[in-house]
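Everything on this sheet refers to the single structure shown next.
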Amino acid sequence: MKARIVLILFISSSICSMSLFIGTEIINPFDMDALNRDILYTIRLPRILTALLIGIALGASGAILQGILRNPLADPYILGISSGASFMAIVGIVVGTGYTGLFSIPFFAFTGAVLTGAIVGSISYKKGIFWHTRLLLAGIGVGFLFSALVMLILSTSAQGELKRSLLWMFGELSMSDWGNLPYGFIFISSGLLIALSRAKALNSLMLGDELAWNLGYNPSRERLLLFISVCLMVASSVSLGGTIGFIGLLMPHIVRMTIGTDNRLLIPFSALLGGTLLCLADMIGRTVFSPMELPAGIITALIGAPYFLYLLRRKDIISG
Amino acid sequence: MYPLQIDNISFSYNSLPFIENVSFTLSNGEFACIMGPNASGKSTLLKISAGMLKPLSGRVILWGKEIQRYKGKDRAKLISYLPQMLDFSIPIRVIDILKMGFYPYQIPPDLDISAALKWVGLTDKKDMYINQLSGGEIKRAFIAMTLIQGAGILLLDEPIANLDIKYQLELVRLLKDIVNNRKISVLMAIHDLNLALQFDRVILIKAGKIISDGEPFKVINEENLRDVFDIDVKIHPSDNGKIFYRYG
Chain A
116 MKARIVLILF
126 ISSSICSMSL
136 FIGTEIINPF
146 DMDALNRDIL
156 YTIRLPRILT
166 ALLIGIALGA
176 SGAILQGILR
186 NPLADPYILG
196 ISSGASFMAI
206 VGIVVGTGYT
216 GLFSIPFFAF
226 TGAVLTGAIV
236 GSISYKKGIF
246 WHTRLLLAGI
256 GVGFLFSALV
266 MLILSTSAQG
276 ELKRSLLWMF
286 GELSMSDWGN
296 LPYGFIFISS
306 GLLIALSRAK
316 ALNSLMLGDE
326 LAWNLGYNPS
336 RERLLLFISV
346 CLMVASSVSL
356 GGTIGFIGLL
366 MPHIVRMTIG
376 TDNRLLIPFS
386 ALLGGTLLCL
396 ADMIGRTVFS
406 PMELPAGIIT
416 ALIGAPYFLY
426 LLRRKDIISG
Chain B
85 MYPLQIDNIS
95 FSYNSLPFIE
105 NVSFTLSNGE
115 FACIMGPNAS
125 GKSTLLKISA
135 GMLKPLSGRV
145 ILWGKEIQRY
155 KGKDRAKLIS
165 YLPQMLDFSI
175 PIRVIDILKM
185 GFYPYQIPPD
195 LDISAALKWV
205 GLTDKKDMYI
215 NQLSGGEIKR
225 AFIAMTLIQG
235 AGILLLDEPI
245 ANLDIKYQLE
255 LVRLLKDIVN
265 NRKISVLMAI
275 HDLNLALQFD
285 RVILIKAGKI
295 ISDGEPFKVI
305 NEENLRDVFD
315 IDVKIHPSDN
325 GKIFYRYG
């Protein structure tokens with residue numbers, strides 16, 4: 116297992132550093148002129164950091180949600196948070212908000228995500244218990260509601276807005292700049308820290324509430340804390356780059372099959388691999404059909420889905 | 085002082101009385117079972133005893149202190165509870181489940197993982213995923229976890245339901261072995277009248293009330309069985325101390 120961990124760390128750091136220098140413009144790190152330096156610091160570095168942060172948030176959230184919902188199909192978008200964020204972001208696009216400034220699209224998206232999280236969370240809380248089935252169903256229900264509202268706005272909006280909205284929904288990294296990164300970093304790292312501090316409790320929750328109780332944890336309290344950590348991470352990631360599919364579903368399964376099922380390793384490694392995959396997908400997206408760019412979310416699904424299906428065939432560990 | 089004292093508890097679901105004025109104590113090293121028809125309150129009684137459900141009235145006393153007043157981790161070192169349904173849609177390795185037994189502790193107790201695995205006979209399956217094991221093996225894996233957890237009281241909700249006869253006997257023998265070796269107290273819900281004879285004590289309940297409580301041969305009689313299970317039954321003791329039941 117140690118060899119695998121070292122290998123993963125090596126691959127991740129190589130991909131992330133490679134993606135700094137590969138793009139529409141290939142930069143030689145040992146021979147940079149002023150223009151290259153400018154591209155690197157003002158465009159590429161913030162973009163790669165954004166991709167890393169989003170991937171980290173999605174990978175970790177996927178691992179946490181699969182644990183608290185006890186459902187291997189759970190992904191960060193299952194709680195409807197992303198639909199709430201999309202709704203608000205598209206409202207922002209339609210009323211003509213920009214990508215920068217205080218009341219920017221990311222701000223709208225973050226507000227939408229947090230509000231949706233609060234709605235889903237409060238529906239799931241009844242008689243002093245934070246129920247996991249209610250959480251799942253409330254998430255799906257609220258998600259559908261906001262998706263419908265998104266469709267309603269899209270079907271009545273002008274063509275330019277429609278295209279921008281669709282690009283945003285597929286995961287758009289080309290607008291990344293330094294402006295929103297600090298907020299993203301603060302929210303995502305605090306979410307990740309909460310989750311890592313509750314990793315043992317999450318292990319016990321995966322056995323069911325009664326066994327978590329048996330091991331001395333309060334299942335409702337632990338689930339609520341983990342839910343808050345997911346809300347923080349998903350809200351920030353969606354507001355940084357829209358909804359990027361597959362990372363949250365896929366990474367936890369890959370880590371379970373390669374490193375193990377203990378959340379103390381599962382959460383950080385799902386995060387790391389999520390970040391790496393998104394960097395890779397973004398690098399491919401902006402290089403292969405250059406100068407045209409493909410949204411990273413499409414690439415993650417194109418790389419991720421076949422590999423996931425291959426693992427599924429090869430390793431017989433998912434029940435049913 | 086008794087390890088576990090159930091003091092006049094009552095409980096209701098949706099304001100319908102479900103458990104009424106139940107009291108009993110569990111002694112050190114006692115191997116006891118609860119029997120009763122479906123929905124007679126066995127599971128609820130075990131959950132209340134584990135502190136998971138709060139009784140409407142009455143108290144659950146764990147080593148002289150009310151169970152609700154313990155911190156979660158401190159309680160987990162003294163009493164453990166295994167639910168009836170153990171299902172896993174997400175794969176977890178057997179070894180990772182056993183390690184969770186250490187969670188209530190800052191400094192792990194003396195029993196090590198390989199000893200616990202050997203005891204329950206899962207040494208060669210420690211790296212497998214829990215959903216790859218058979219029903220009996222899953223139960224044994226969790227019993228190993230509670231061994232590592234180190235609690236002196238073990239509450240088990242129908243651990244032998246859905247197991248075939250061989251695994252049922254194996255599990256009861258394993259538990260008896262643990263009770264004898266580590267002087268822990270076991271209280272488990274079961275359904276099998278023959279297996280009940282393996283216990284030191286049988287608590288017979290019906291509609292949330294204790295009907296009879298004592299040694300198996302005294303509690304399991306034709307009159308009690310008729311009353312509790314609503315069945316006509318004849319009991320035939322044989323020469324070697326075994327009992328045969330003939331249902332009419």
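Chains as they are written, first to last, in the numbering used here: chain A, 116 to 435; chain B, 85 to 332. Built from N, CA and C at the ideal position, the CB exists for glycine as well.
- Nearest in C-alpha terms to F226 (chain B), of all of B:L166, B:L137, B:F313, is B:L166.
- For the segment 326-357 of chain A, the set of residues with a beta-carbon nearer than 8 Å to any beta-carbon of chain B comprises L326, W328, N329, L330, G331, Y332, N333, in chain order.
- A straight line joining the alpha-carbon of L150 (chain A) with that of I413 (chain A) spans about 30 Å.
- Nearest to G219 (chain B) by alpha-carbon distance, out of B:G205, B:N246, B:Q233, is B:N246.
- Taking a beta-carbon distance threshold of 7 Å, A160 (chain B) counts as an interface residue toward chain A.
- Shown in chain order are the members of the segment 138-157 of chain B whose Cβ falls below 8 Å from a Cβ of chain A: K155, G156, K157.
- Here the alpha carbons of E276 (chain A) and P383 (chain A) stand approximately 37 Å from one another.
- Leaving aside the five residues that flank K293 (chain B) on each side, the residues in its chain whose CB is nearer than 6 Å to its CB run, in chain order, E104.
- Listed as beta-bridge partners of M119 (chain B) by DSSP are B:L288.
- Contact between G232 (chain A) and I196 (chain A) holds, since their C-beta atoms are separated by about 5 Å, short of 8 Å.
- Residues of chain A with a Cβ closer than 7 Å to the Cβ of P188 (chain B) are, in chain order, L330, G331.
- Sorting B:H275, B:Y86, B:F102 by C-alpha distance to the C-alpha of I93 (chain B) places B:F102 at the top.
- Put simply, the CB of D377 (chain A) is near chain B, with a gap under 7 Å to one of its CB atoms.
- Counting other Cβ atoms within 10 Å of its Cβ, P221 (chain A) reaches 16 or more and is therefore classed as buried.
- Closest by C-alpha distance to I169 (chain A), out of A:T226, A:E287, A:I238, is A:E287.
- Here I137 (chain A) has M398, T402 as same chain residues with Cβ atoms under 8 Å from its own Cβ, once five neighbours each way along the sequence are excluded.
- Residues of chain B whose Cβ lies closer than 9 Å to the Cβ of G323 (chain A) are, in chain order, P167, M169, L170, D171, F172.
- L387 (chain A) and I179 (chain A) have their alpha carbons spaced roughly 14 Å apart.
- An exposed status is given to P321 (chain B), since fewer than 16 other beta-carbon atoms sit within 10 Å of its beta-carbon.
- Listed along chain A, no residue sits closer than 7 Å to I268 (chain B) by beta-carbon distance, the nearest being about 15 Å off.
- Identification of chain A residues near M184 (chain B) by a Cβ-Cβ cut-off of 7 Å yields N318, S319, L330, ordered along the chain.
- R224 (chain B) has a beta carbon lying at 7 Å or more from every beta carbon in chain A.
- Against chain B, the CB of P191 (chain A) has no partner CB under 7 Å away; the residue lies outside that interface.
- Runs of beta strand (DSSP E) with 3 or more residues, each lying fully within the segment 198-274 of chain B, are found at 237-241, 269-273, listed in chain order.
- Annotation for Q89 (chain B): the continuous beta strand (DSSP E) segment containing it runs 88-97.
- At a cut-off of 7 Å between C-beta atoms, D180 (chain B) counts as an interface residue with respect to chain A.
- The straight-line gap separating the alpha-carbon atoms of S269 (chain B) and P243 (chain B) is approximately 15 Å.
- At least 7 Å separates the CB of I237 (chain B) from every CB of chain A.
- In its chain, beyond the 5 residues on either side, I181, L182, M184, G185 have a beta carbon closer than 7 Å to the beta carbon of M229 (chain B).
- Put simply, the CB of P187 (chain A) is near chain B, with a gap under 7 Å to one of its CB atoms.
- For K242 (chain A), no Cβ of chain B is located within less than 7 Å of the residue's own Cβ.
- Contact between R177 (chain B) and D211 (chain B) holds, since their C-beta atoms are separated by about 6 Å, short of 8 Å.
- The Cβ of Q274 (chain A) sits no closer than 7 Å to any Cβ of chain B.
- What R371 (chain A) touches in chain B, judged by beta-carbon distance under 7 Å, is P175, going in chain order.
- I154 (chain A) has its alpha-carbon roughly 26 Å from the corresponding atom of A172 (chain A).
- In this structure the segment 290-301 of chain A does not touch the segment 262-274 of chain A; the number of beta carbon pairs closer than 8 Å is below three.
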